[in-house]
Amino acid sequence: FPLQLSRRVGQKKQRLSDAETSQILPDAARMPYPKEPCSGPHACLGPPTTTGPQRSIYFLNHPARLGSEFFDQPGAHLARAFLGQVLVRRLTDNTELRSRIVETEAYLGPEDDAAHSRGGRQTARNRGMFMKPGTLYVYTIYGMYFCLNVSSRGDGACVLLRALEPLEGLETMRRLRSTLSKGASGRAFKDHELCSGPSKLCQALAIDKSFDQRDLATDGAMWMERGPPGPEPVVVAATRVGIGCKGEWAQKLLRFYVLGNPFVSMVDRAAEQM
DNA sequence: GAACCGATTAACT
DNA sequence: GTTAATCGGTTCG
636 FPLQLSRRVG QKKQRLSDAE TSQILPDAAR MPYPKEPCSG PHACLGPPTT TGPQRSIYFL
696 NHPARLGSEF FDQPGAHLAR AFLGQVLVRR LTDNTELRSR IVETEAYLGP EDDAAHSRGG
756 RQTARNRGMF MKPGTLYVYT IYGMYFCLNV SSRGDGACVL LRALEPLEGL ETMRRLRSTL
816 SKGASGRAFK DHELCSGPSK LCQALAIDKS FDQRDLATDG AMWMERGPPG PEPVVVAATR
876 VGIGCKGEWA QKLLRFYVLG NPFVSMVDRA AEQM
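Laid out in structure tokens, this is it:
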């Protein structure tokens, strides 16, 4: 069994190859980029279509998929607007994982010293940041993790998803986390450990580089739905995580999270006093 | 090519 | 609170 082999004592550590992962997992996010939003073998089970003027009364009680117009907001606005919305991931076996977005960070583009697009840098890696709002930007970090971003309005601007509150498919998320986590001591992850970090949520939702540059408004394997109506969550604005603490841009309050939500990755008590 | 390093995690004290 | 793990992407010579 490839996973066990890779853990043999003294053996050079080896990440699961795509082929190996696909043997273990029901879905390793290896679907090719769909040419059409809902083409392929499961077209008849496609995700809800974008809201539009033709929407009938039938859909008023059903989840509405967020479309390109929603993502077309300045980064900091979009980062706040994401809070409370529902991220849906459909695996290749049609299992749907649902989670509420509870923590985000905005990266504002070339002038933002903490952004990958700082100084106007545009490379093969960060191309997604420069594509139309709603385009995903997935990058590898520390050689072993992924981070998921959504392009916003503004050249080279995007929003990093940092934490989710799992709603549906928790046992699948738990299995994905255990299988993909390097520590993998066999212990079961608690609910609040499933998606409480930018790379944890990528493991829990089986998101990898194959999602880079996909369109969240039309993709068949992942989309966003308007969260259920309810009281407005209290939003905390704090400094961003992992970008150092020196410099003008490190001080800006571009991280947003739902006050009191136990699924947030890091609380900032000082920011909460404000 | 080589050197450097990171929008993190998990295990440890 | 500290630190090892781990390697693709970027930069530099």
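End of the first sequence sits at 909 in our numbering; the numbers just go up one at a time, nothing left out. Here a beta-carbon is modelled for each residue, glycine too, at the ideal position from N, C-alpha and C.
Legend entry - Rounded straight-line distance, which links the Cα of Asp843 to that of Arg762: To locate residue 762, count along the first sequence from 1; it is residue 127. To locate residue 843, count along the first sequence from 1; it is residue 208. Roughly 16 Å separates the two Cα atoms.
Inset, instruction - Find out if the Cβ-Cβ distance for the pair Gly832, Val721 is shorter than 7 Å. - result: Here residue 832 is taken as the residue at index 197 of the first sequence, counted from 1. Here residue 721 is taken as the residue at index 86 of the first sequence, counted from 1. No.
Inset, instruction - Assign Tyr892 to one of two classes, buried (16 or more other C-beta atoms within 10 Å of its C-beta) or exposed (fewer than that). - result: The residue you call residue 892 lines up with position 257 of the first sequence. Label assigned to Tyr892: buried.
Legend entry - C-beta contact flag for Ser734 and Leu802 at 7 Å: By one-based count along the first sequence, residue 734 stands at place 99. By one-based count along the first sequence, residue 802 stands at place 167. In contact: Ser734 and Leu802 (Cβ atoms closer than 7 Å).
Legend entry - Start-to-end residues for the alpha helix (DSSP H) that takes in Ala905: Position 270 of the first sequence, counted from the first residue, corresponds to residue 905. From DSSP, the alpha helix (DSSP H) with Ala905 extends over Arg904 to Gln908.
Inset, instruction - Measure the C-alpha to C-alpha separation of Val794 and Val899 and round it to an integer number of angstroms. - result: For the purposes of this step, residue 794 is taken as residue 159 along the first sequence, with counting starting at 1. For the purposes of this step, residue 899 is taken as residue 264 along the first sequence, with counting starting at 1. Rounded to the nearest angstrom, the two C-alpha atoms are 16 Å apart.
Legend entry - Per-residue DSSP class, three states only, for Cys837: The residue labelled residue 837 in the question sits at position 202 within the first sequence. DSSP places Cys837 in helix when its eight states are reduced to three.
Legend entry - Of the listed residues Pro864, Ser786 and Gly754, nearest to Leu796 (C-alpha basis): Counting from one through the first sequence, the residue named residue 796 turns up at place 161. Per the Cα distances, Ser786.
Legend entry - Cα-Cα separation, Ser703 to Arg904: Position 68 of the first sequence, counted from the start, is the residue given in the question as residue 703. Position 269 of the first sequence, counted from the start, is the residue given in the question as residue 904. Approximately 35 Å between the Cα atoms of the pair.
Inset, instruction - Can you check DSSP and say which residues form a bridge with Tyr892? - result: Your numbering for residue 892 matches position 257 in the first sequence. For Tyr892, which the question treats as bridged, DSSP gives the partners Glu738 and Val871.
Inset, instruction - Count the other C-beta atoms from every protein chain shown that fall within 10 angstroms of the C-beta of Met909, then say buried if there are 16 or more, exposed otherwise. - result: One-based indexing of the first sequence puts residue 909 at position 274. Per the 10 Å Cβ criterion, exposed.
Legend entry - CA-to-CA distance, Gly754 to Ala823, given in whole angstroms: As a position in the first sequence, residue 823 is number 188, starting the count at 1. As a position in the first sequence, residue 754 is number 119, starting the count at 1. Whole-angstrom Cα-Cα distance: 43 Å.
Inset, instruction - Please name the residue in Pro866, Leu888 and Thr775 whose C-alpha comes closest to that of Gln838. - result: For the purposes of this step, residue 838 is taken as the residue at position 203 of the first sequence. Per the Cα distances, Thr775.
Legend entry - Three-way DSSP call (helix, strand, coil) for Phe781 in this model: If you number the first sequence from 1, residue 781 lands on position 146. Three-state result, Phe781: strand.
Legend entry - Secondary structure of Ala664, DSSP reduced to three states: Walking along the first sequence from the start, residue 664 turns up at place 29. Note that Ala664 has pLDDT 37, beneath the 50 cutoff, so the model's placement of it is unreliable and the number below is only indicative. Here Ala664 sits in coil by DSSP.
Legend entry - Buried or exposed (CB count within 10 angstroms, at least 16 for buried), Val723: By 1-based counting over the first sequence, the position of residue 723 is 88. With 16 or more Cβ atoms within 10 Å of its Cβ, Val723 is classed as buried.
Legend entry - Pair within 7 Å by beta-carbon distance, Val871 and Leu894: Your numbering for residue 871 matches position 236 in the first sequence. Your numbering for residue 894 matches position 259 in the first sequence. Yes. Within cutoff.
Inset, instruction - Would you mind working out which of Asp847, Val737, Leu815 and Thr874 sits nearest Leu910, comparing C-alpha positions? - result: Only positions 636 to 909 of the chain appear in the structure, and residue 910 is not among them; the question remains open.
Inset, instruction - Please classify Glu746: does DSSP put it in a helix, a strand, or coil? - result: Taking the first sequence and counting its residues from 1, the one referred to as residue 746 is at position 111. Three-state result, Glu746: coil.
Inset, instruction - Go ahead and label Arg725 buried or exposed: buried means 16 or more other beta carbons lie within 10 angstroms of its beta carbon, across all protein chains shown. - result: Stepping through the first sequence from its first residue, residue 725 is reached at position 90. Buried is the call here.
Inset, instruction - Taking Ala714 as part of the alpha helix (DSSP H), name the residues at either end of that continuous run. - result: In the first sequence, counting from the first residue as 1, residue 714 sits at position 79. Unbroken alpha helix (DSSP H) run through Ala714: Gly710 to Phe717.
Legend entry - DSSP state of Ala798 mapped onto helix, strand, coil: Residue mapping note: residue 798 aligns to position 163 of the first sequence, counting from 1. Here Ala798 sits in strand by DSSP.
Inset, instruction - Rounded to whole angstroms, what's the CA-CA distance from Gly719 to Ala699? Just pull it up for me. - result: Against the first sequence, residue 719 aligns to sequence position 84. Against the first sequence, residue 699 aligns to sequence position 64. Using only the alpha carbons, I get a separation of about 14 Å.
Inset, instruction - Give the straight-line distance between the Cα atoms of Met859 and Lys881, rounded to the nearest whole angstrom. - result: Reading the first sequence from its first residue, position 224 is the one you call residue 859. Reading the first sequence from its first residue, position 246 is the one you call residue 881. If you take the alpha carbons of Met859 and Lys881, they lie about 34 Å apart.
Legend entry - Buried versus exposed call for Asn896 [16 or more other C-beta atoms within 10 Å across all chains shown]: For the purposes of this step, residue 896 is identified with residue 261 of the first sequence, where counting begins at 1. The residue is buried, with at least 16 neighbouring Cβ atoms inside 10 Å.
Inset, instruction - Assign Leu660 to buried or exposed, taking buried as 16 or more other Cβ atoms, counted over all protein chains shown, within 10 Å of its Cβ. - result: Reading the first sequence from its first residue, position 25 is the one you call residue 660. With a pLDDT of 49 at Leu660, under the threshold of 50, the modelled position of this residue cannot be trusted; read the value that follows with caution. Per the 10 Å Cβ criterion, buried.
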